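So the structure is just underneath, and the comments pick up after that.
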């Protein structure tokens, strides 16, 4: 079956530090890959996505590249801010007769300190 | 922001009682989903709907049922709540099945359910 593995948190960084959150996946076929972000007390929001191999998704300074050869989709940001503190979920999507289904990783909490 | 509301936002109930959670959307999206979020598990799909009266099971459907009598409403029912169903429940919607920007899933704000 499909699965997503993320690095465990919490990840604690100082403001302006470089961020990497690792994500690897197992899936049949050619899934689309996503990063979602959850701020405290809120639902999930789509951060970025990539739909085929070698695609790079980017948004708000975050980037991730779909690497089919390593089955990875690592999230990176060059300079984090306190406002980036949240839980980040890697997910993959497959299609069925009943709509698109997302399989999520367990989430990685990011804490950014001044 | 996608127009998705969930009610109630918080609920405390006792073991063995029935509980119904409501998801309401104003986007006229065809697909609706119920997830539960638990520490160490991320989000797991409970049930989903691909149209009015059309529903199917997700990976953790035992103990839950759903109904969708109108496009805008998707109800999740715990017939007899158990402590293992203490969780945060999220509803999501998506517009189209394949391709294009319409296939993004948008999430509601969540319902925190505690079963004592």
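Residue numbers (the numbering used here), protein chains in the order written: chain Y, 166 to 279; chain A, 57 to 172. The beta carbon of each residue, even a glycine, is placed where N, CA and C say it ideally should be. What you are looking at is a predicted structure, and each value in this text was computed from that prediction instead of being measured.
At which residues does the beta strand (DSSP E) containing residue i begin and terminate?
{"i": "residue 202 (chain Y)", "result": "197 to 203"}
{"i": "residue 178 (chain A)", "result": "For chain A, the structure presents residues 57 to 172; residue 178 (chain A) sits outside this window and is missing."}
{"i": "residue 222 (chain Y)", "result": "221 to 224"}
{"i": "residue 125 (chain A)", "result": "120 to 126"}
{"i": "residue 240 (chain Y)", "result": "240 to 242"}
{"i": "residue 168 (chain A)", "result": "167 to 171"}
{"i": "residue 215 (chain Y)", "result": "209 to 215"}
{"i": "residue 278 (chain Y)", "result": "273 to 278"}
{"i": "residue 88 (chain A)", "result": "87 to 94"}
Got a sec? Which residues, its chain only, sit under 7 angstroms from residue i by beta carbon, not counting five neighbours each side?
{"i": "residue 64 (chain A)", "result": "167"}
{"i": "residue 251 (chain Y)", "result": "202, 203, 204 and 275"}
Rounded to whole angstroms, what is the Cα-Cα separation between residue i and residue j?
{"i": "residue 180 (chain Y)", "j": "residue 246 (chain Y)", "result": "5 angstroms"}
{"i": "residue 185 (chain Y)", "j": "residue 70 (chain A)", "result": "42 angstroms"}
{"i": "residue 157 (chain A)", "j": "residue 129 (chain A)", "result": "Residue confidence for residue 157 (chain A) is low, a pLDDT of 48 falling below 50, so the modelled location carries little weight; the figure read from the coordinates is stated next. The straight-line gap from Cα to Cα measures roughly 23 angstroms."}
{"i": "residue 124 (chain A)", "j": "residue 244 (chain Y)", "result": "45 angstroms"}
{"i": "residue 109 (chain A)", "j": "residue 120 (chain A)", "result": "16 angstroms"}
{"i": "residue 206 (chain Y)", "j": "residue 165 (chain A)", "result": "8 angstroms"}
{"i": "residue 136 (chain A)", "j": "residue 68 (chain A)", "result": "14 angstroms"}
{"i": "residue 193 (chain Y)", "j": "residue 258 (chain Y)", "result": "11 angstroms"}
{"i": "residue 107 (chain A)", "j": "residue 127 (chain A)", "result": "7 angstroms"}
Quick one: what's got a C-beta closer than 8 angstroms to residue i's C-beta in the same chain, skipping five residues either side?
{"i": "residue 116 (chain A)", "result": "92, 100, 101 and 102"}
Going along the chain, which residues of its own chain have a beta-carbon closer than 6 angstroms to the beta-carbon of residue i, five neighbours each way excluded?
{"i": "residue 191 (chain Y)", "result": "168"}
{"i": "residue 88 (chain A)", "result": "105, 130 and 149"}
{"i": "residue 215 (chain Y)", "result": "198, 222 and 231"}
{"i": "residue 189 (chain Y)", "result": "170, 236 and 237"}
Item checked: Selection of the stretch 62 to 92 of chain A by Cβ proximity to chain Y, strictly under 7 angstroms -> Correct list: 87.
Checklist line | chain A contacts made by the stretch 192 to 213 of chain Y, where a contact means CB separation under 9 angstroms | finding: For chain A, the residues of the stretch 192 to 213 of chain Y that bring a beta carbon within less than 9 angstroms of one of its beta carbons are 197, 199, 201, 203, 206, 207, 208, 209, 210 and 211, in chain order.
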